[in-house]
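Written below as structure tokens is the structure these notes are about.
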Amino acid sequence: MEHSFMFKKRVKPHLFLFLMMLCAMPAWANAVVTETAIAGTWRPLTSAFAHVSAHQQAVLSLPFFVRIVALNVEPGTRVAAGDELLRFDAPLLHQHLASWKQALLELRLAKKRLHVLRQSEQQHVITRRERVAGEQVVARAEGKSTLAWEILAADLDLLHIHIDKKTLEDRIHKDNLQTVARSLGRLLAPFAGIVSARRAALGEQLPAGSPLLELDVLDPVYVDVGVPARELPLWRGGKTWWLGHKHRVSLQLLAGVPLYDASSGLWLRRYESKNPGALLRDGAWIEVHHRGASQAVVWVPAAAVVARNGKTWCVIQKQDQFKAVEVHAGAASDGRIPILSGLKAGTKVVTRGAYEWLYRDIKQLIKFVD
Numbered sequence: 035m036e037h038s039f040m041f042k043k044r045v046k047p048h049l050f051l052f053l054m055m056l057c058a059m060p061a062w063a064n065a066v067v068t069e070t071a072i073a074g075t076w077r078p079l080t081s082a083f084a085h086v087s088a089h090q091q092a093v094l095s096l097p098f099f100v101r102i103v104a105l106n107v108e109p110g111t112r113v114a115a116g117d118e119l120l121r122f123d124a125p126l127l128h129q130h131l132a133s134w135k136q137a138l139l140e141l142r143l144a145k146k147r148l149h150v151l152r153q154s155e156q157q158h159v160i161t162r163r164e165r166v167a168g169e170q171v172v173a174r175a176e177g178k179s180t181l182a183w184e185i186l187a188a189d190l191d192l193l194h195i196h197i198d199k200k201t202l203e204d205r206i207h208k209d210n211l212q213t214v215a216r217s218l219g220r221l222l223a224p225f226a227g228i229v230s231a232r233r234a235a236l237g238e239q240l241p242a243g244s245p246l247l248e249l250d251v252l253d254p255v256y257v258d259v260g261v262p263a264r265e266l267p268l269w270r271g272g273k274t275w276w277l278g279h280k281h282r283v284s285l286q287l288l289a290g291v292p293l294y295d296a297s298s299g300l301w302l303r304r305y306e307s308k309n310p311g312a313l314l315r316d317g318a319w320i321e322v323h324h325r326g327a328s329q330a331v332v333w334v335p336a337a338a339v340v341a342r343n344g345k346t347w348c349v350i351q352k353q354d355q356f357k358a359v360e361v362h363a364g365a366a367s368d369g370r371i372p373i374l375s376g377l378k379a380g381t382k383v384v385t386r387g388a389y390e391w392l393y394r395d396i397k398q399l400i401k402f403v404d
């Protein structure tokens, strides 16, 4: 009895497990349950996070020093192309208008004087040299007028104000200069979009180039989905969407190969999406869902798939022999798992006892117990 006690004391616990497992192996072989793998199809469902960016963006500014005299929009305001965003007073714009008006006046006077000189030449009152001198004055006035208009036209182009030269010339002749300058001191929307930020304040004086407003095109938007390399095949084909308030919003994949993002280690797939209700804003993060294209698989019960050493395995039976085979499996659905590769339809797979068989060797069992 003493020797028996000493033996038990010295035996390590994992040796008992090994001895028990050796005794249990014949019983395990008789207790296994198998099922036949069935051929079928599978449409993978997966999801990933995505970054939203505006389809078009612009930070609006003015080419000269201004004082803000009216603000017509707030962040979130929808605007159409050509809508007035704000009004301003710009001394330089007023100066360019005055220069053009003065150049037009000088040109008109030079032409009138030339007309008189030509009549006087015909009446032999003046010489040809005086008439030529008058023509030279007109030419210089025309050059000055053209230059003044080009400077003013560049201002109007930067302000997205479309007005022809003759119309503006008529207004300068009819109205006073201050009224015309006030009517031109408007910042118009270059395209339809949503005001995402307002940098200027009423009454503020700002130097040339200061950011005033940020305008975004948010319908449609770009959606960049980050996908791990191993899941790229699942995202080929099929349908992609994000969930709005009440319904799905489809994403359309844009042409081009995925781009690798070194900071995240993901592959970026760019989509385009409608944006009902302007729910998505530039810089937002959303969850995107993808239902892959249908593909042929082999279906097995979930209990037949076992993970070991970072790989996925099934234990198959051929007559009285059992063998572990590595498989590539998809996500479980209704108690079954799709096998994408490594297993053929009609194969018998172990559904009860597969885990015990795969971990039957003592080293793996000890690692598991510890």
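Just so you know, this note's numbering puts 260 at position 226 of the sequence shown, and the rest follows in order with no gaps.
Every residue, glycine too, gets a C-beta built ideally from N, C-alpha and C.
Backbone CA spacing between residue i and residue j [nearest angstrom]
i, j, result
"SER179", "ARG216", "22 Å"
"HIS379", "THR111", "Correcting the residue identity first, residue 379 is Ala in this sequence and not His. Distance between the alpha carbons of ALA379 and THR111 is about 60 Å."
"GLU265", "ALA235", "49 Å"
"LEU141", "ALA242", "31 Å"
"ARG325", "VAL339", "23 Å"
"LEU249", "ALA144", "47 Å"
"GLU306", "VAL255", "6 Å"
"ILE197", "GLN156", "41 Å"
"ALA71", "SER230", "56 Å"
"LEU392", "GLN355", "14 Å"
"TYR389", "ARG77", "27 Å"
"ALA358", "VAL66", "14 Å"
"LEU247", "HIS85", "23 Å"
"ALA88", "LEU252", "5 Å"
"LEU96", "ASP123", "11 Å"
"ASP209", "LEU202", "10 Å"
"LYS308", "ARG394", "55 Å"
Where residue i falls, given that 16 or more other Cβ within 10 Å makes a residue buried
i, result
"GLY311", "exposed"
"GLY387", "buried"
"GLY290", "exposed"
"TRP134", "buried"
"HIS130", "buried"
"GLY168", "buried"
"PHE83", "exposed"
"VAL477", "With the chain covering 35 to 404 only, the question about residue 477 has no answer from this structure."
"TRP276", "buried"
Neighbourhood of residue i by C-beta, 6 Å cutoff - its chain only, sequence neighbours within 5 removed
i, result
"ALA114", "ALA226"
"LYS220", "Note that residue 220 is Arg in the sequence shown, not Lys. Excluding sequence neighbours, ARG220 sits near GLU118 and ARG121."
"ALA366", "ALA336"
"LEU293", "LEU302"
Beta bridge counterpart(s) of residue i as assigned by DSSP
i, result
"HIS324", "THR80 and THR274"
"GLN351", "PHE356 and LYS382"
"SER367", "ARG370"
"HIS362", "SER375"
"ARG232", "LEU247"
"TYR256", "SER87 and GLU306"
"ALA289", "Paired residue(s): none; ALA289 is not in a bridge."
Close beta carbons around residue i, own chain, < 8 Å, minus the five adjacent residues each side
i, result
"ARG370", "TRP333, VAL334, PRO335 and ALA336"
"LEU79", "HIS323, HIS324, ARG325, GLY326 and ALA365"
"HIS362", "THR346, ILE373, LEU374, SER375 and GLY376"
Continuous beta strand (DSSP E) stretch holding residue i: start and end
i, result
"ALA330", "329-335"
"ALA114", "Run containing ALA114: none; DSSP gives neither H nor E here."
"THR161", "Where THR161 is concerned, there is no enclosing beta strand (DSSP E), given that its DSSP letter is neither H nor E."
"ILE102", "100-105"
"GLU265", "Note, GLU265: premise wrong, no beta strand (DSSP E); not H, not E."
Limits of the unbroken alpha helix (DSSP H) element including residue i
i, result
"TRP301", "Not the alpha helix (DSSP H): TRP301 falls in the beta strand (DSSP E), residues 300-307."
"LEU131", "125-156"
"VAL214", "211-218"
"ARG205", "199-208"
Own chain partners of residue i with C-beta closer than 7 Å, once the 5 adjacent residues on each side are dropped
i, result
"ARG152", "ARG165"
"GLN329", "THR75 and TRP76"
"PRO262", "LEU300"
"ALA104", "LEU120 and ARG121"
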